[in-house]
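A short worksheet on the structure shown next.
Protein chains: 2
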Amino acid sequence: MTQTGRPRGFDTDDALDRAMEVFWRHGYEGASLTELTAAMGINKPSLYAAFGNKEGLFRRVVARYADVEMAYARDALDQPTARDVAAALLRENAVALTRPDRPAGCLSIQGGTACGTDNAAIADFLAASRLTGENALAARFDRAVDEGDLAPEVDPTALARFLSVVTEGQAVHAAAGAPRAHLEQSAEIALHAFTAAAYPVR
Amino acid sequence: MTQTGRPRGFDTDDALDRAMEVFWRHGYEGASLTELTAAMGINKPSLYAAFGNKEGLFRRVVARYADVEMAYARDALDQPTARDVAAALLRENAVALTRPDRPAGCLSIQGGTACGTDNAAIADFLAASRLTGENALAARFDRAVDEGDLAPEVDPTALARFLSVVTEGQAVHAAAGAPRAHLEQSAEIALHAFTAAAYPVR
DNA sequence: CCTGTTCTGTACCGCTCGGTATGAAACGAA
DNA sequence: TTCGTTTCATACCGAGCGGTACAGAACAGG
Numbered sequence: 148m149t150q151t152g153r154p155r156g157f158d159t160d161d162a163l164d165r166a167m168e169v170f171w172r173h174g175y176e177g178a179s180l181t182e183l184t185a186a187m188g189i190n191k192p193s194l195y196a197a198f199g200n201k202e203g204l205f206r207r208v209v210a211r212y213a214d215v216e217m218a219y220a221r222d223a224l225d226q227p228t229a230r231d232v233a234a235a236l237l238r239e240n241a242v243a244l245t246r247p248d249r250p251a252g253c254l255s256i257q258g259g260t261a262c263g264t265d266n267a268a269i270a271d272f273l274a275a276s277r278l279t280g281e282n283a284l285a286a287r288f289d290r291a292v293d294e295g296d297l298a299p300e301v302d303p304t305a306l307a308r309f310l311s312v313v314t315e316g317q318a319v320h321a322a323a324g325a326p327r328a329h330l331e332q333s334a335e336i337a338l339h340a341f342t343a344a345a346y347p348v349r
Numbered sequence: 148m149t150q151t152g153r154p155r156g157f158d159t160d161d162a163l164d165r166a167m168e169v170f171w172r173h174g175y176e177g178a179s180l181t182e183l184t185a186a187m188g189i190n191k192p193s194l195y196a197a198f199g200n201k202e203g204l205f206r207r208v209v210a211r212y213a214d215v216e217m218a219y220a221r222d223a224l225d226q227p228t229a230r231d232v233a234a235a236l237l238r239e240n241a242v243a244l245t246r247p248d249r250p251a252g253c254l255s256i257q258g259g260t261a262c263g264t265d266n267a268a269i270a271d272f273l274a275a276s277r278l279t280g281e282n283a284l285a286a287r288f289d290r291a292v293d294e295g296d297l298a299p300e301v302d303p304t305a306l307a308r309f310l311s312v313v314t315e316g317q318a319v320h321a322a323a324g325a326p327r328a329h330l331e332q333s334a335e336i337a338l339h340a341f342t343a344a345a346y347p348v349r
């Protein structure tokens, strides 16, 4: 069906990328519609027509963030061994959190760890989004047990949880201005720990 | 000097504790003066007379939080060895983040990881507050090197940074609703990693 | 008692927030 | 050209924000 009416004057993905940077830098509540529309180059009615409301825009932004900015986390799952998965994840995480052309830290943490009473749904949504990644990691380690890469006595979900904790801590540190080298240093120590826990007999 | 005038109708520390819970739960920006004064049982003019303004109140709250709620972190530094310090810190951290009579997580993270443009000073203040703890930890590990507890080739600040990353990640996880057992599980894995990094020759 | 000082409660300020009514502008179809 | 449809820009809405003016109430000292 050919669309009728006046054509949209902006590209949706471009607008989402501009909005992403604002949410990333200021969080859900800290990002005002004034600042969002200014960054996106559109007016409020256009935003509401395209995305419903502020929360709808945020959810679209987070979905795009997961697609584009978190690709390295999905790619890490393709590594051949559990140790390689952990290494790729932690190292790429340190790089992603300190990209000079992006705000420091992670949208999923910066976006809404602390939200007002009414916006508790935002914090829950982000927590669920992070949990999805953690579960994917646990599933990958389950597979590693099946493949004989990990010993049967190790707990795949515990390993995934530990890596999730470290990546989130890295994000907090990065948002506070920690340089990439510091994060990489911590990543290597965490990797030692992961190896010790994942390959106990050695 | 005996004070003149009408006596204050509320206890400062009690009021700070009530305000702490509100900031802890909703963050700096998410906590409105209406909610704060309601929880503290006072009116806005009393708040402004006693604490200056919202930011002044928050700084007093954070100072009290560090004194009262973070005592376990200072106590951990008194452990005899670096490994015992790390163990006490990580384990007590897991407990503190999931106390049933407190909001989940940590005020220092929940309070203001993401703040609006004008309140960037709040995020910086909290980051500096966390860095103080990290530096105290590094100083403790420096001492451990001097005492021969840690080998000269280990990097005390790197160890402190790693523990700081883990505790902050635990705080994020706890705020998302993770149970205490999950945090303790991750703490043990991190402790393995710490031991491997801190006592390499072994 | 009266006076000076400090605190308390009410009622209010300007401002910004998220969200919207409205009419003009820009297209495809006929 | 005219129409139906969709998006655009302006201007506005009620509500809640952080912060304050003001007058009365509660104390100590004289």
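Going line by line, the protein sequences match chains X and C.
Taking our numbering as reference, the numbering of the first sequence is continuous, increasing by one, and the terminal residue is 349.
Taking our numbering as reference, the numbering of the second sequence is continuous, increasing by one, and the terminal residue is 349.
Glycine included, every Cβ here is placed at the ideal spot set by N, Cα and C.
Predicted model, so just to flag it, every value in this text is computed and none were measured.
> With a cut-off of 9 Å, does the C-beta of Val260 (chain C) fall near any C-beta of chain X?
Replying inline: Looking at the sequence itself, residue 260 (chain C) is Thr, so the reference to Val does not match. Interface residue, yes.
> Secondary structure at Pro154 (chain C), three-state DSSP: helix, strand or coil?
Replying inline: Collapsing the DSSP output to three states places Pro154 (chain C) in coil.
>> Can you look up Gly259 (chain X) in the DSSP assignment and give me helix, strand or coil?
In response: coil
> Does DSSP put Ile269 (chain C) in a helix, in a strand, or in coil?
Replying inline: helix
> What did DSSP end up calling Arg246 (chain C) once you bin it into helix, strand or coil?
Replying inline: It is coil, neither helix nor strand.
>> Going by DSSP in three states, Pro303 (chain C) sits in which element: helix, strand or coil?
In response: helix
>> Between the alpha carbons of Asp225 (chain X) and Val232 (chain X), how many angstroms are there, rounded?
In response: 7 Å
>> Among X:Ala322, X:Pro154, X:Phe309, whose alpha-carbon lies nearest the alpha-carbon of Leu338 (chain C)?
In response: X:Phe309
> What do you reckon, are the CB atoms on Ala334 (chain X) and Leu254 (chain X) nearer than 9 Å?
Replying inline: no
> Is it true that the CB of Gly316 (chain C) sits closer than 9 Å to the CB of Gly316 (chain X)?
Replying inline: yes
>> Counting only Cβ pairs nearer than 8 Å, list the residues of chain X close to Gln150 (chain C).
In response: What Gln150 (chain C) touches in chain X: nothing, since even the nearest Cβ is about 37 Å away.
> What residue range is occupied by the uninterrupted alpha helix (DSSP H) comprising Ala251 (chain C)?
Replying inline: No alpha helix (DSSP H) holds Ala251 (chain C); DSSP gives it neither H nor E.
> How many angstroms separate the CA atom of Thr228 (chain X) from the CA atom of Val301 (chain X)?
Replying inline: Taking the straight line joining both Cα atoms gives about 14 Å.
> DSSP three-state call for Thr159 (chain C): helix, strand or coil?
Replying inline: helix
>> Tell me which residues share the same chain as Ala162 (chain X) and place their Cβ nearer than 7 Å to its Cβ, disregarding the 5 neighbours each side in the sequence.
In response: Met187, Ile189
>> Just to make sure I have the definition right: I need the residues of chain X whose C-beta is within less than 9 Å of the C-beta of Gly324 (chain C). Which are they?
In response: Asp271, Ala274
>> Pop quiz: Leu244 (chain X) and Ala321 (chain X) are said to be a contact at Cβ under 8 Å. What is the actual Cβ separation, rounded to whole angstroms?
In response: At roughly 4 Å, the Cβ-Cβ gap stays under 8 Å, so Leu244 (chain X) and Ala321 (chain X) are in contact.
>> Please report the straight-line C-alpha distance between Glu239 (chain C) and Met167 (chain C), rounded to a whole angstrom.
In response: 20 Å
> If you count every other CB in all the chains shown that lies within 10 Å of the CB of Ala270 (chain X), and 16 or more means buried, which is it?
Replying inline: buried
> Do you know offhand how far Ala223 (chain X)'s Cα is from Ala298 (chain X)'s?
Replying inline: Between Ala223 (chain X) and Ala298 (chain X), the C-alpha separation is close to 20 Å.
> Under a CB-based cut-off of 9 Å, is Leu244 (chain C) close to chain X?
Replying inline: no
> Counting along the chain, where does the alpha helix (DSSP H) carrying Asp222 (chain C) start and finish?
Replying inline: 218-223
>> I need the DSSP call for Glu294 (chain C), collapsed to helix, strand or coil.
In response: coil
> Under 9 Å between C-beta atoms, does Arg165 (chain C) make it to chain X?
Replying inline: For Arg165 (chain C), the answer is no, since every Cβ of chain X falls outside 9 Å of its Cβ.
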